[in-house]
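Asks:
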Amino acid sequence: MSSDRLAADTPAASRGGIGLVQGTALYVASVLGTGLLVLPGLTAGVAGPGSILAVVAVLGLSVPLAGVFAVLAARYPDPGGVASYVRRALGATAARMTGYWFLFGVCAGAPVVSVLGAEYVVAALGVDRVVVPLLAAAIFVPPFVLNALGVRVAGSVQFVLTALLLAVVVFVVGLGAPSVDPARLTPFLPHGWAGVATAVSMFVWAFAGWEVGTHISGEFARPRRDIPIATAIALAVTGACYLILQVVTVGALGARAGEGQVPLLDLARLGSPRLGPIAVGIIAAIVALGVLNAYLAAFAKLGASLADNGDLPRWFSPGVEHGGIPRRALALTGAVTALYFALMVATGLELTPFILVHTSSMVAIYAVGMVAAVRLLPHASPGWWMAVVAAVLCAGMLALAWASLLPALGLAAAAVVVTAMRRVGGRLTR
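Numbering (the working numbering), first residue to last: 4 to 433.
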């Protein structure tokens, strides 16, 4: 049975075992990611205090996008996530493209997460960077083990990780807040509105991740009730974290905010030269572990769904059922991740190429997903209107990311080739 039919036939009230608390923790982790470590400083460098406006703008833009994914996930709980919605609305080839973009494109960001976390830990501890690859590899181990035990276990651990993350963020903000000086907020737009626009484009990636929850939506015990609530809470929490952290970063560090590679370290040292770096090292480790934990659950479920629909070898399909553990698909995810990580190490830990693969695939998924939502959701309903607005916003994102869309086009071509091969094979067997 395909995962799409499975989702349609399974009662919405009795699916998996994830509750509201676990689901909210997974949603927060998927959005409040590594951008927390680098974006406050980077955006302050390009927009100055105006970067605060960028956070507010992107938070507002995120509402329709997050809302549409919440409506779709609650309405069609399915491990295929966005690919399953696209299959319903646009057909098998478009769904295959979407699945490949996520599993083989977005997956390129996994080693980026682990390396960024390792870089921060090394900087906080003051040890030699030669250990970064080893530490980055070690960061992968706990999330893979947890997901091999099932998304329910991973979700329970995620609640603890998210609680620790929020606690340490509050601690670091508390260290830097006494140093905030309103004088550092002037001039408010040192680089004009162009600087704010650049900061907005950076923060778009910070607020990405809403599609992750669609792949584990079938694991919610009460998806129609809990998914919208979890999305709303995650949107409020992540927005508040980024906004408060941006205000404190700019107000406490001023022009120095965009100079260092590890702005949170500079912020923490203002209040406590000894405890501050330790706290930031903890933040980095928790962020990396939490993001990987959330994304691996999505990758594994999607891989099993793609196999169940014939887009990957069917050997990877076990675990696609609600409550199942897709260990074979998780192993496939591990192989893809290991390949990207090996390439990253071979290129001297150069992150940019892998970030481009990740972001181009993400933009493509959002754009196609919103088109599918416009076709699937009841015309003129609140969800439909949000989808229309989000589709227009995604078109703008595509325009901004046009220069990095080559990897996404390559994966789309692979999906078309698979379609052609299946059609030829079907004619030969007649």
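Cβ coordinates follow ideal geometry from the N, Cα and C atoms, glycine included.
In the structure shown, what three-state DSSP assignment does Phe223 receive?
Replies: Locating residue 223 in the sequence shown gives position 220, counting from the first residue. Reduced to three states, the DSSP call for Phe223 is strand.
Asks: Would a C-beta distance cut-off of 9 Å place Met347 and Val118 closer than the cut-off?
Replies: For this step, residue 347 is matched to residue 344 along the sequence shown. For this step, residue 118 is matched to residue 115 along the sequence shown. For Met347 and Val118, yes; Cβs fall inside 9 Å.
Asks: Hey, how far is the Cα of Ala97 from the Cα of Val74?
Replies: Your numbering for residue 97 matches position 94 in the sequence shown. Your numbering for residue 74 matches position 71 in the sequence shown. Rounded to whole angstroms, Ala97 to Val74 spans 21 Å at the Cα level.
Asks: Should Thr362 be labelled buried (16 or more other beta-carbon atoms within 10 Å of its own) or exposed?
Replies: Within the sequence shown, the letter at position 359 stands for residue 362. Classification for Thr362: buried.
Asks: Whole alpha helix (DSSP H) runs in the stretch 109–188 with 4 or more residues, listed along the chain?
Replies: DSSP runs (the alpha helix (DSSP H)) wholly in the stretch 109–188: 112–128, 135–151 and 154–179.
Asks: Mind checking Gly94: buried by the 16 CB within 10 Å criterion, or exposed?
Replies: In the sequence shown, residue 94 corresponds to position 91, counting from 1. Gly94 comes out exposed.
Asks: Rounded C-beta distance between Arg99 and Val421? I'm assuming under 8 Å.
Replies: Reading the sequence shown from its first residue, position 96 is the one you call residue 99. Reading the sequence shown from its first residue, position 418 is the one you call residue 421. Indeed, because the Cβ distance is near 6 Å, the residues count as touching under 8 Å.
Asks: So, under 8 Å CB-CB, Thr252 and Gly48 are touching, yes? Tell me the CB distance rounded to an integer number of Å.
Replies: Taking the sequence shown and counting its residues from 1, one reaches residue 252 at position 249. Taking the sequence shown and counting its residues from 1, one reaches residue 48 at position 45. Actually they do not touch by this definition, with Cβ atoms about 11 Å apart.
Asks: Give me the Cβ distance between Asn150 and Ala32, rounded to the nearest whole Å; I'm assuming they're in contact under 8 Å.
Replies: As a first step, residue 150 is located in the sequence shown; it is residue number 147 there, counting from the start. As a first step, residue 32 is located in the sequence shown; it is residue number 29 there, counting from the start. Between Ala32 and Asn150 the Cβ distance is about 13 Å, and since that is not below 8 Å, they are no contact.
Asks: Let me know the beta strand (DSSP E) ranges lying completely inside the stretch 39–116, each 3 residues or longer, listed in chain order.
Replies: For the stretch 39–116, not a single whole beta strand (DSSP E) run of length 3 or above is found.
Asks: How would you label Ala383, buried or exposed, when you count the other beta carbons within 10 angstroms and need 16 or more for buried?
Replies: In the sequence shown, residue 383 corresponds to position 380, counting from 1. Result: exposed.
Asks: Decide yes or no for the touch test of the stretch 68–85 against the stretch 286–299: beta carbon pairs closer than 8 Å, at least 3 of them.
Replies: no
Asks: Between which two residues does the alpha helix (DSSP H) harbouring Arg330 extend?
Replies: On the sequence shown, position 327 is the one that residue 330 refers to. Its alpha helix (DSSP H) spans residues Arg330 to Ala349.
Asks: Below 8 Å on the Cβ atoms is my guess for Thr46 versus Ala202; work out the distance and round it to an integer in Å.
Replies: Your numbering for residue 46 matches position 43 in the sequence shown. Your numbering for residue 202 matches position 199 in the sequence shown. Cβ atoms of Thr46 and Ala202 come within 8 Å of each other, at about 4 Å.
Asks: Count the other CB atoms within 10 Å of the CB of Arg90; is the residue buried (16 or more) or exposed (fewer)?
Replies: In the sequence shown, residue 90 corresponds to position 87, counting from 1. Classification of Arg90: buried, given that the 10 Å Cβ count is 16 or more.
Asks: May I ask which residues mark the beginning and end of the alpha helix (DSSP H) holding Leu305?
Replies: Position 302 of the sequence shown, counting from 1, holds the residue named residue 305. Here the alpha helix (DSSP H) through Leu305 covers Leu278 to Asp311.
Asks: How would you label Gly399, buried or exposed, when you count the other beta carbons within 10 angstroms and need 16 or more for buried?
Replies: As a working note, residue 399 is residue 396 in the sequence shown. Burial state of Gly399 is exposed, judged by a 10 Å Cβ sphere holding fewer than 16 other Cβ atoms.
Asks: Rounded to a whole number of angstroms, what is the C-alpha to C-alpha distance between Thr234 and Ala243?
Replies: Here residue 234 is taken as the residue at index 231 of the sequence shown, counted from 1. Here residue 243 is taken as the residue at index 240 of the sequence shown, counted from 1. Each residue's Cα considered, the two are about 14 Å apart.
Asks: Given a threshold of 16 other Cβ atoms within 10 Å of its Cβ, counted over all protein chains shown, does Pro67 qualify as buried or as exposed?
Replies: As a first step, residue 67 must be located in the sequence shown, where it is residue number 64. The residue in question, Pro67, is buried, as its Cβ has 16 or more Cβ neighbours within 10 Å.
Asks: Applying the 10 Å Cβ sphere with the 16-neighbour rule, what's the burial state of Asp314?
Replies: Residue mapping note: residue 314 aligns to position 311 of the sequence shown, counting from 1. Buried: at least 16 other Cβ atoms inside 10 Å.
Asks: Opposite Ile236 in the DSSP bridges: which residues?
Replies: Reading the sequence shown from its first residue, position 233 is the one you call residue 236. Paired residue(s): none; Ile236 is not in a bridge.
Asks: If contact is defined by three or more beta carbon pairs under 8 Å, each pair taking one atom from either stretch, is the stretch 108–117 in contact with the stretch 130–137?
Replies: no
Asks: Can you grab the Cα-Cα spacing for the pair Pro231 / Ser87, in whole Å?
Replies: On the sequence shown, residue 231 is found 228 positions in, with the first residue counted as 1. On the sequence shown, residue 87 is found 84 positions in, with the first residue counted as 1. In a straight line, the C-alpha of Pro231 is about 19 Å away from that of Ser87.
Asks: Who are the near neighbours of Ala282 in its chain, counting only those whose CB is closer than 7 Å to its CB and skipping five residues on each side?
Replies: Working through the sequence shown from its first residue, we reach residue 282 at position 279. If we look at Ala282 and ignore the five residues flanking it on each side, its Cβ neighbours are Val171, Phe174, Val175 and Ala271.
Asks: Please classify Met424 as buried or exposed, where buried requires at least 16 neighbouring CB atoms within 10 angstroms.
Replies: On the sequence shown, residue 424 is found 421 positions in, with the first residue counted as 1. Its Cβ having fewer than 16 others within 10 Å, Met424 is exposed.
Asks: Round the Cβ separation of Ser54 and Gln249 to the nearest angstrom and send it over; I've been treating them as touching at under 8 Å.
Replies: On the sequence shown, residue 54 is found 51 positions in, with the first residue counted as 1. On the sequence shown, residue 249 is found 246 positions in, with the first residue counted as 1. That belief holds up - the Cβ atoms of Ser54 and Gln249 are roughly 6 Å apart, short of 8 Å.
Asks: Can you tell me whether Ala301 is buried or exposed, with buried defined as 16 or more other CB within 10 angstroms of its CB?
Replies: Taking the first residue of the sequence shown as 1, we reach residue 301 at position 298. Ala301 comes out buried.
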